[in-house]
Amino acid sequence: MISAGDFKNGITIEVEGNVFQIMEFQHVKPGKGAAFVRTKLKNIISGGVVEKTFRPTEKFPQARIDRKEMQYLYKDGDLYYFMDTENYEQTMLNEEEVGNAMLFVKENEMVKICSYNGNVFAVEPPLFVELEITDTEPGFKGDTATGATKPATVETGATVAVPLFVNQGDTIKIDTRTAEYLSRV
């Protein structure tokens, strides 16, 4: 059990039969009345975000989220196949369960499968990936000073905004949380 006064970002709790992750929290002490904790909670199953306030003494059971590292094997139709590298068991997830997590993941890369009570609710890709650019407009010499960007398609099919000097065939580093170009490799 965790009390509302001990909330921290990223903690998962059970509230009224639902599992929420704390996105933001703020302890508020008004001039009159009792203190309270204002929170922004994300439902980890549905993805919805709600704002709730709690008394600092309220207690909630902490939800146990299992994160298992698995290898992404391949996509067949709308199913994604993953393998546990310890016992070689395969798991398949549909596009709805995977969401946008696989935009920057190549075959045979490791991902984290997040589940609650055995039900998978999310796939966490690596924080940073290195992918080759398969299609973009050619860059021109001297285009580095403007800070402008152009769209580029990477080998997984995702589109990323890259600086003008990046060319087709270059390998780039991408932050998967923000889908931002970081550097050339």
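Under numbering that gives the first Met the number 0, think of the first position of the sequence shown as 0, with each following residue one higher. The C-beta atom is built at its ideal place from N, Cα and C for all residues, glycine as well.
Can the beta-carbon of residue i be found closer than 8 Å to that of residue j?
{"i": "I112", "j": "V119", "result": "yes"}
{"i": "Y79", "j": "L92", "result": "yes"}
{"i": "V36", "j": "G4", "result": "yes"}
{"i": "F53", "j": "M69", "result": "no"}
{"i": "Q61", "j": "T11", "result": "yes"}
{"i": "T170", "j": "E129", "result": "yes"}
{"i": "L163", "j": "A178", "result": "no"}
For residue i, write down the residues that DSSP places opposite it in a beta bridge.
{"i": "S2", "result": "K58"}
{"i": "V104", "result": "V104 is not bridged to any residue."}
{"i": "D174", "result": "F127 and E179"}
{"i": "E136", "result": "DSSP, once it has assigned bridges, lists no residue as partnering E136."}
{"i": "N42", "result": "F19"}
{"i": "G162", "result": "According to the sequence as given, residue 162 is Pro; it is not Gly. DSSP, once it has assigned bridges, lists T148 as partnering P162."}
{"i": "N86", "result": "BP columns for N86 are empty, so no partner."}
{"i": "T11", "result": "Q20"}
{"i": "K111", "result": "E68 and E123"}
{"i": "K51", "result": "T38"}
{"i": "V97", "result": "None, per the DSSP bridge assignment."}
{"i": "K74", "result": "Y79"}
Near residue i, which residues of its chain fall below 6 Å by C-beta distance, leaving aside the five closest residues on each side in sequence?
{"i": "M22", "result": "K39 and K41"}
{"i": "K58", "result": "M0 and S2"}
{"i": "R66", "result": "K111 and C113"}
{"i": "T84", "result": "Q70"}
{"i": "E96", "result": "V119"}
Within 10 angstroms of the Cβ of residue i, are there 16 or more other Cβ atoms? Answer buried if so, exposed if not.
{"i": "F127", "result": "exposed"}
{"i": "Y87", "result": "exposed"}
{"i": "V165", "result": "buried"}
{"i": "V122", "result": "buried"}
{"i": "P124", "result": "buried"}
My assumption, with CB atoms under 8 Å, is that residue i sits in contact with residue j. Please give the rounded CB distance.
{"i": "A151", "j": "T135", "result": "4 Å"}
{"i": "A160", "j": "Y180", "result": "6 Å"}
{"i": "H26", "j": "A34", "result": "7 Å"}
{"i": "D77", "j": "E94", "result": "5 Å"}
{"i": "K172", "j": "V184", "result": "6 Å"}
{"i": "L102", "j": "T56", "result": "So it is not a contact: roughly 43 Å between Cβ atoms."}
Tell me which residues share the same chain as residue i and place their Cβ nearer than 8 Å to its Cβ, disregarding the 5 neighbours each side in the sequence.
{"i": "G30", "result": "none"}
{"i": "I44", "result": "N17, V18, Y115, N118 and F120"}
{"i": "G168", "result": "E131 and I132"}
{"i": "T90", "result": "M69, Y80, F81, M82, D83, I112 and V119"}
{"i": "G187", "result": "Examination of residue 187 is not possible in this model, given that the chain is present from 0 through 184 alone."}
With 8 Å set as the bound, which would you pick, yes or no: does the beta-carbon of residue i sit closer than that to a beta-carbon of chain B?
{"i": "G30", "result": "Among the chains of the structure shown, chain B does not appear; only one protein chain is present."}
Output needed for residue i: all residues of its chain with C-beta closer than 7 Å, excluding positions within five of it in sequence on either side, in chain order.
{"i": "E106", "result": "Y71, L72 and Y73"}
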